[in-house]
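Student: Chains as they are written, first to last, in my numbering: chain U, 56 to 443; chain H, 56 to 443; chain S, 56 to 443; chain G, 56 to 443.
By construction, the Cβ of each residue, glycine as well, lies at the ideal position given by its N, Cα and C atoms.
Here the structure is a predicted model, which means the values were calculated and not measured.
A single structure is presented below for examination.
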């Protein structure tokens, strides 16, 4: 059972993640994890903070000589910006006078609900944790999961399919490798150069008008075996678990699998993926993959395909109407340094979050405490399925 | 902490749900729970099974003289159809010869992934549990949750906003009471008589052609306090938990909150719900509710609004192409008695599932072991928020 | 992951257990489960209720033709005594007048803490659930676990090592089979005929004086592989999990592993089990088993040995001093039908509870969804350990 | 819901704990937490490591200006000894040559089971995490819990009642304050000067002979309300949860509540705590506290009293017989720097672990997200109990 907790405030000294349940014997490449953190920081439309931070994990537990030992892995990411916030974010009661209390909640953000729930007077006490800066820790967690899945030939890729009003197409038949190459070199993580230009123009326009943009990302997972997740109890269905993880991302407002909402509008005969059999490979095949790779809460063995919608960022440079929580007088929302559009980052975040949930379901199904044991169990199952 | 397990096969003797964590002193009206079960069984387009079953809970624990005692509540629903299945679904090894093994998996269903994962030879061993019949137990669980919420003025309503190609509008300004009245009297649980006629025609046509229909349902929860859920850790965000529960429903393929996927396509200035203050009622107000009632993983105090997309049923009377799992020869999917369209039921199911998650978050926030204690804690908080 | 919930009041209609996470393909013999239930009902010193109840499970889910399907298994045990309690334990508000309210809490029982916590006025609302009658459901759960473990050669045995002032010895070198035979035929589940006579005399004396007796039981688990449980995180240590389960038993006041409390009083050189190696069997050996089969929160591969102390029953026929919760006047505790001594039953209960926790750790380590898969994974691991 | 994960190897760079679920508005005094860490490091019989480490928490999340914000709190404790281990404990694969592989497992330690389970070749990969150094993180977690409980007048105290063959008495009628004073100034955390001298002599003797000593500690919690924990479901019983936490401590072999194992040997009439009523204070009273403060898995409102037995340390300077895991030849167990006796530390560790579980049950019962809200809920409940 893989589980994790993240901790850390946006302008606190460090972000921390403890990941529990990683088996022993996996080679973990920190450069790749840092590579995913770097991918998270890229994208046209990001603000000034991305210039300050160059996120890197510092592993302080669970790894020795580049390998997992079975013990919990801790990743720490330093917030370089903390140097500018040391007094305002101090843990020391003596610094209380330095607070610069924030009192104008931003519509769309956790600010208002947060201070009411937790009975706090400084919105900063909420926004620091609610900030999407937390996703840095989640990307580290999910980047590790990608390396847990890699020895079994399972890989995840996140990319952008819409930003603001502009959808970005993926040409039919594009391989995952090609999709990865295209989106990785795109400034907005799309596979569609025409859309890219339109999106950049829209971002520029929003920047001028002090506005923000959301979008839709898609994650594909390839190389999956049949049978991750389960139909037997509500909370074990893989779609539900993925949805939980994805809708816990800051600004996420919707999630869909395969044809998703469109599936509600067409007929069964048009939707369901008919079944064939390939005697050479000894495996059941599908003529289509409208399900997005899950049926009955389990992987079908086809590629998993899930999309997540993110609303525009809540911090507008031309702020929205709000109310000062102290005076109850009308005001505009606080301006906290922010981006115009973070959807290219969101694609990376979603990719890693999906990888974590898949790794979790994978380890549950195959048990085992070491790479050798899991590999043996896994191949035993693959052969069992082939000779079914 | 509210938690539950459901159990039971579609044609087994009984469906069972144990609900743990219900505080003491709540009046539980079984007639209302049975009323919700009856609502689940209604709807134009349901098949023959609905004529056989008239679901009623039999409470076998946790209730005494109509009140909860704090102990786990068990609801049992008898499957009347079991009389016809006693031998085929027998627990007794002596009856193994009666099995009538099912070998042709239905595309869209758990059938194929299930038998491969669990290494079973009779698809019935999977389909019996994967069947949406399980939602009977979940409706019982959620109907109970509605009664936990009722003393605090919180209510949930599920209804249909699209079936197949036909969207069903809700007239602007329709009150929840009116919406409830309209959808309750509709044969397809919509508030739009013109859509109703079109939907019924489409169902009739599908029935003739042996096809099935999906759709989209919406759930509204009214009367919520601000601050259920939390932003502090990924798995405590209310949206994520709701999404988990909803995407664990059979045939669910997507979920969205408030403007949902649309939120990804418009600008921040158009989306976020500006904040005001009503000095008379001593509360913060919103000029709109595009968020669907959550910000930062917490309730805002506005109505919660969530939509779920369900794919068409996987059992087609004109079955899709499949493969016999024994012979590996092409075949058509098994025909198991089924409906043409179950979306009106899905709205009731989603309503109760949402109620359960809300009740769970509610009890977590307010603690307490008795109605008296929770009521005191709750009103203390409401006053705290008003005098914030 | 194996998990379960139990439900049901002592004089309610039924006791219920749902067990989730049982893999598919296991042969489950209900007669054996009923056999364990019968073992729980035996023992010199039991009261009248045992004459009324002849507990048998009715499986209502998860089993088909004697085999598990991977879906949750529900066991229902009818309370025959309910016939005498139908009105007093009715779920129907109309029967409220029949309550015969209990107002005198028994020292030692959940009665007083329960009514204060849950704000209830009738102690029956607490005692019905707090009653050790609940262990019937737990024995059913654990008896199932024994059958999950059996195909892997793992077996558990519980017996009595002390009742009241009388310890019962086990002759050195007694095999587990012999121990099972001896204790099974003993009226008080001991392997020591002289102690048996003394215990029976003490029970008789207690019965006369209206008093009750506790005792100490031991559970041995044989056939364990090395490496169940884990040292890596506090809540995964096997001893802790076993202790949680055992100290959740009614009347349990202490638990110890191997030498237990004695281990705190001797020196390291006298205690720790030295390590050898048997080249023929290719396995590490121990010269002793003072640890009771766990080191670092993991099984060592030696027999697990755990002891549990149970206090005397709280219902005395010559009741203790108490206070009427309504009048606050002095009174004696309520007399509810009860036994003089239930320690022979406690040994069976502890045995099955231990079996459940072991099965849970076993399934976690070996993963898999079917007997075939788990068997393959298990034997792969055993060979890995041998060729380490 | 309070939860936490710890991470970190004994000679790794840092120990880390993330504590999730701490409400907002609590004043947290780091000096007190460091005080508890210092208490953990004291005690006659500790080895050289205690001279190197002067443990102090560095808070990196969740606290601002000395107060909790509701977000997860992270404590980091630097391992000063890491400076001496940097190459041998490096996360960098390039340092693999520096390993100095450990191949001789110590009887009593996780060494052997660990390498077999996790399929590792260097025992250090196990012992680093299995080491009781991990309890530093747990003490930090529990020291925080003590500060969560303090505003409600609840306090915990751990002390030693036996080391090796020597029991240490507590004079009847000793107040908790006095007990704290006495044990705090004792070199071995006992309240019995005569025993202290004997214990020190025994430690000295063990040191000479290369042996180790275990012992028994007791924890008292005062100021508890009635009704923490619950009788309704097995895993919610407070005793079980405490037992889980305590038996997850390194070297713990037994736990008992109140009279504990003795309770199994006497009669009900001698054991159970009779009930009275104090009309002035409007509360139920007890004539004794043999139960140790729990009945039915709930606090009774009397002081909680729990004892834990710890076996002697597994690292002996005159090592026990073992086998080299590579060669399978007989050898003596590895010598890793260690103590002769750590029981005085164990008392502090048990104290803080108990405090954490109590705080967890406390927050569950009273709900709430801020000190103000919890205080209001708590006092409401206390008054409800008084006017019951």
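Once DSSP output is grouped into helix, strand and coil, what is the label at residue 267/G?
Tutor: As a first step, residue 267/G is located in the fourth chain; it is residue number 212 there, counting from the start. Coil, per DSSP.
Student: Decide if the region 354 to 368 of chain G is in contact with the region 414 to 424 of chain S; the criterion is three or more beta carbon pairs, one per stretch, under 8 Å apart.
Tutor: Result no; under three Cβ-Cβ pairs closer than 8 Å.
Student: In angstroms, rounded to a whole number, what distance separates the CA positions of residue 194/G and residue 95/G?
Tutor: By one-based count along the fourth chain, residue 194/G stands at place 139. By one-based count along the fourth chain, residue 95/G stands at place 40. Spanning the two alpha carbons is a distance of roughly 8 Å.
Student: List, in order along the chain, the chain U residues whose C-beta lies closer than 9 Å to that of residue 92/H?
Tutor: Along the second chain, read from residue 1 onward, the residue named residue 92/H stands at position 37. Simply none; closest approach about 17 Å.
Student: If you measure between the beta carbons of residue 353/U and residue 411/U, is that distance less than 8 Å?
Tutor: As a working note, residue 353/U is residue 298 in the first chain. As a working note, residue 411/U is residue 356 in the first chain. No. Outside cutoff.
Student: In the region 60 to 76 of chain H, which residues sit with their C-beta less than 7 Å from some C-beta in chain S, listed in chain order?
Tutor: Those residues of the region 60 to 76 of chain H that come within reach of chain S (Cβ to Cβ, closer than 7 Å) are 60, 62, 63, 64, 67, 68, 69, 71, 73 and 75.
Student: Listing by chain order, which chain S residues have their CB less than 8 Å from the CB of residue 56/U?
Tutor: Within the first chain, numbered from 1, the residue matching residue 56/U stands at position 1. By Cβ distance, chain S contributes 56 and 419.
Student: Is residue 119/H closer than 8 Å to residue 180/S when the C-beta atoms are compared?
Tutor: Walking along the third chain from the start, residue 180/S turns up at place 125. Walking along the second chain from the start, residue 119/H turns up at place 64. In contact: residue 180/S and residue 119/H (Cβ atoms closer than 8 Å).
Student: Looking at the unbroken alpha helix (DSSP H) that takes in residue 429/G, where does it start and where does it end?
Tutor: If you number the fourth chain from 1, residue 429/G lands on position 374. Start and end: 426 to 441.
Student: Please classify residue 156/G as buried or exposed, where buried requires at least 16 other C-beta atoms within 10 Å of its C-beta.
Tutor: In the fourth chain, the residue the question calls residue 156/G occupies position 101. Result: exposed.
Student: Where does residue 263/U land, buried or exposed, given buried means 16+ other C-beta within 10 angstroms?
Tutor: Here the question's residue 263/U lines up with position 208 in the first chain. The residue is exposed, with fewer than 16 neighbouring Cβ atoms inside 10 Å.
Student: Going along chain U, which residues have a C-beta under 8 Å from residue 175/G?
Tutor: Indexing the fourth chain from 1 puts residue 175/G at position 120. The answer, in chain order, is 79, 80, 124, 125 and 425.
Student: How about residue 320/G: is its C-beta nearer than 8 Å to some C-beta of chain S?
Tutor: Residue numbering aside, residue 320/G sits at position 265 when the fourth chain is read from its first letter. Chain S contact via Cβ: present.
Student: Would you give the residue range spanned by the beta strand (DSSP E) that residue 128/S belongs to?
Tutor: Locating residue 128/S in the third chain gives position 73, counting from the first residue. Residues 128 to 133.
Student: Given that residue 155/S touches chain H, what residues does it touch there, using C-beta distances under 9 Å?
Tutor: Indexing the third chain from 1 puts residue 155/S at position 100. Going along chain H, no residue has its Cβ under 9 Å from residue 155/S, so there is no contact; the nearest lies around 12 Å.
Student: Answer yes or no: does any C-beta atom of chain U fall closer than 8 Å to that of residue 147/G?
Tutor: Taking the first residue of the fourth chain as position 1, residue 147/G is located at position 92. Yes, residue 147/G counts as interfacial toward chain U.
Student: Please list the residues of the region 280 to 297 of chain S that have a C-beta atom closer than 9 Å to any C-beta atom in chain U, keeping them in chain order.
Tutor: Going along the region 280 to 297 of chain S in chain order, one finds 282, 285, 286, 287, 288 and 291 with a Cβ nearer than 9 Å to chain U.
Student: Can you give me, in chain order, the residues of the region 345 to 362 of chain U that have a beta carbon less than 7 Å from any beta carbon in chain S?
Tutor: Taking 7 Å as the Cβ-Cβ cut-off against chain S, none of the residues of the region 345 to 362 of chain U qualify.
Student: Looking at C-alpha atoms only, which residue of 369/H, 299/H and 345/H is the closest neighbour of residue 321/U?
Tutor: What you label residue 321/U is simply residue 266 of the first chain in a count that begins at 1. Out of 369/H, 299/H and 345/H, 369/H has the C-alpha closest to the C-alpha of residue 321/U.
Student: DSSP state of residue 333/H, grouped into three classes?
Tutor: For the purposes of this step, residue 333/H is taken as residue 278 along the second chain, with counting starting at 1. In this structure, residue 333/H counts as strand in the three-state DSSP scheme.
Student: In angstroms, rounded to a whole number, what distance separates the CA positions of residue 100/S and residue 366/S?
Tutor: Here residue 100/S is taken as the residue at index 45 of the third chain, counted from 1. Here residue 366/S is taken as the residue at index 311 of the third chain, counted from 1. Cα to Cα, the separation comes out at about 15 Å.
Student: What does residue 411/H reach in chain A if we use C-beta pairs closer than 8 Å?
Tutor: As a matter of chain content, chain A is missing from the structure shown, whose protein chains are U, H, S and G.
Student: Would you say residue 413/U touches the ligand NAP, meaning its beta carbon is less than 7 Å from a heavy atom?
Tutor: The ligand NAP is not among the ligands present in this structure, which contains no ligands whatsoever.
Student: Give the secondary structure of residue 409/H by DSSP, where H, G and I count as helix, E and B as strand, and everything else as coil.
Tutor: For this step, residue 409/H is matched to residue 354 along the second chain. Three-state DSSP puts residue 409/H in a helix.
Student: Mind checking if residue 431/S is an interface residue toward chain U, Cβ cutoff 8 Å exclusive?
Tutor: Against the third chain, residue 431/S aligns to sequence position 376. Yes - at least one Cβ of chain U is within 8 Å of the one on residue 431/S.
Student: For residue 303/S, is the classification buried or exposed, using 16 other Cβ atoms within 10 angstroms of its Cβ as the cut-off for buried?
Tutor: Indexing the third chain from 1 puts residue 303/S at position 248. By the 10 Å Cβ count, residue 303/S comes out buried.
Student: Measure from the alpha carbon of residue 68/H to the alpha carbon of each residue in 253/H, 173/H and 189/H, then state which is nearest.
Tutor: Along the second chain, one-based indexing puts residue 68/H at 13. Ranking the options by Cα distance to residue 68/H, first place goes to 189/H.
Student: Quick one: give me the first and last residue of the beta strand (DSSP E) that residue 308/G is part of.
Tutor: The residue given as residue 308/G occupies position 253 in the fourth chain. Element bounds for residue 308/G: 307 to 312.
Student: List, in chain order, every chain H residue whose beta-carbon is nearer than 7 Å to that of residue 248/U.
Tutor: Within the first chain, the letter at position 193 stands for residue 248/U. Ordered by position in chain H, no residue passes the 7 Å Cβ test against residue 248/U, which lies about 20 Å from the chain.
Student: Here's the rule I'm using: 16 or more other beta-carbon atoms within 10 Å means buried, otherwise exposed. How should residue 134/S be labelled?
Tutor: Here residue 134/S corresponds to residue number 79 of the third chain, with the count starting at 1. Residue 134/S is buried by the Cβ-count criterion.
Student: Residue 99/H CB to nearest chain G CB: under 8 Å?
Tutor: As a working note, residue 99/H is residue 44 in the second chain. False, the Cβ-Cβ gap to chain G never drops below 8 Å.
Student: Taking residue 66/G as the reference, give the member of 108/G, 91/G and 250/G with the closest Cα.
Tutor: In the fourth chain, the residue the question calls residue 66/G occupies position 11. Answer by Cα proximity: 108/G.
Student: What residue ranges within the region 220 to 294 of chain G form continuous beta strand (DSSP E) runs of no fewer than 3 residues, ordered along the chain?
Tutor: Qualifying beta strand (DSSP E) stretches, in chain order: 270 to 277.
Student: Does the count of Cβ pairs from the region 369 to 379 of chain U and the region 333 to 341 of chain U closer than 8 Å reach three?
Tutor: Cβ pair count under 8 Å is below three, so no.
Student: Under 7 Å Cβ-Cβ, which residues of chain G neighbour residue 436/H?
Tutor: The residue you call residue 436/H lines up with position 381 of the second chain. Within 7 Å Cβ-Cβ: 428.
Student: Are the beta-carbon atoms of residue 405/H and residue 244/H separated by less than 8 Å?
Tutor: Here residue 405/H refers to the residue found at position 350 of the second chain. Here residue 244/H refers to the residue found at position 189 of the second chain. No, they are not a contact pair.
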